[in-house]
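Comments concern the structure below.
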Amino acid sequence: PIKALLFDLDGVIVDTAIFHYQAWRRMANSLGFDISEEFNEQLKGISRTESLDLILAQGGLTLSDEQKADLAARKNGWYLELVSQMTPADILPGVTDFFGQVKAARLKTALGSVSKNARLILERIGMLDDFDAIIDGTKIARGKPDPEVFLKGAAELGVQPAESVVFEDAVAGIEAAKRGGMRVVGIGDPAVLTKADRVVASLAELSLDEVLIF
Ligand code: G6P
Ligand code: MG
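2 is the number of the first residue of the sequence shown in the UniProt record's numbering; add one for each residue after it.
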């Protein structure tokens with residue numbers, strides 16, 4: 002039986018995936034090139050430093066570690082400007098209702114995000130207390146598609162991977178869940194998230210009952 006649900010943050014609970022894209026784009030533009038929405042799909046679920054490396058490669062730039070640290074900090078500053086405007090109204094459609102069903106069914110929940118800003122965002126949207134465990138970018142050595150973030154979440158909840166379902170908007174995150182031996186609901190476009198067990202446009206389309214019979 003399913004005992005626990007593990008949620009990605011950016012693009013699943015809130016639409017910060019767009020803020021990440023806007024901030025990276027602003028950085029790329031400042032360096033004289035652009036990044037497409039299609040390219041951005043590869044960045045979802047990928048750590049800040051790995052994202053920067055992929056973007057610089059895309060722009061054909063090789064920079065020093067110091068320059069890279071400076072750019073990563075600048076991007077994060079722009080990103081946090083957008084995050085600072087967030088309120089509970091930014092919670093994505095269906096999330097609050099779905100969490101109500103999860104609590105009523107007494108299932109455990111964990112956050113599984115590569116972001117180092119995850120706690121800050123949960124605070125802003127008033128969802129810090131909605132998770133029994135929070136695994137974020139400060140607690141892991143390897144980003145998605147490595148399963149570490151989800152395996153740590155399941156371990157902290159005291160459940161087996163096979164008793165867990167992951168909710169993810171990123172190709173790398175779906176791969177991480179699969180490598181970890183978990184079932185996974187993709188949030189987004191079925192043509193992009195081909196490895197998910199089920200894909201919905203948002204949690205508003207899904208009832209908990211459908212997840213429990215997975
Ligand atoms: C999530 C997002 C990525 C982001 C990463 C690190 O995985 O999907 O787009 O790069 O977190 O986020 P951070 O807030 O630490 O820069
Ligand atoms: Mg995501």
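Here a beta-carbon is modelled for each residue, glycine too, at the ideal position from N, C-alpha and C.
Keep in mind the model is a prediction, meaning the values are calculated, not measured.
- Cβ-heavy atom distance between Val185 and the ligand G6P below 6 Å? For the ligand G6P, not one heavy atom lies less than 6 Å from the Cβ of Val185.
- Query: Of all the CB atoms in chain D, is at least one closer than 7 Å to the CB of Ile14?
  - Reply: Of the protein chains in this structure there is only one, and it is not chain D.
- With Glu149 as the anchor, note down where its beta strand (DSSP E) starts and where it stops. Run containing Glu149: none in the beta strand (DSSP E); it sits in the alpha helix (DSSP H), 149 to 158.
- Message: Assuming contact is defined by CB atoms lying nearer than 7 Å, are Gly60 and Gly174 in contact in what I supplied?
- Response: no
- Message: So if I measure from each beta-carbon to every heavy atom of the ligand G6P and keep distances below 5 Å, which residues remain?
- Response: Asp11, His21, Lys45, Gly46, Arg49, Ser52, Val115, Ser116, Lys117, Asn118, Gly138
- Nearest CA to the CA of Val185: which residue from Phe215, Gly159, Glu157? Phe215
- Would you check if there are 3 or more beta carbon pairs closer than 8 Å linking the region 147 to 159 to the region 127 to 136? yes
- Query: If we count the other Cβ atoms within 10 Å of its Cβ and call it buried at 16 or more, is Arg49 buried or exposed?
  - Reply: buried
- Own chain residues within Cβ distance below 7 Å of Ile36, not counting five before or after: Trp25, Arg26, Ala29, Ile56, Gln59
- Task: Pull up the CB-CB distance for Leu10 and Ser114, whole angstroms please, since I reckon it's below 8 Å.
- Result: 4 Å
- Item | Alpha-carbon spacing of Pro191 relative to Val200, whole angstroms | Taking the straight line from one Cα to the other gives about 6 Å.
- Which class does Gly181 belong to by DSSP, given the choice of helix, strand or coil? coil
- Taking the Cβ atom as the reference point for each residue, do Tyr80 and Phe8 lie within a distance shorter than 7 Å? Not a contact, by the Cβ cut-off of 7 Å.
- Message: Measuring only the C-alpha atoms, how far is Glu42 from Val193?
- Response: 9 Å
- Query: Around the C-beta of Glu149, are 16 or more other C-beta atoms found within 10 angstroms, so that it is buried, or is it exposed?
  - Reply: Buried: at least 16 other Cβ atoms inside 10 Å.
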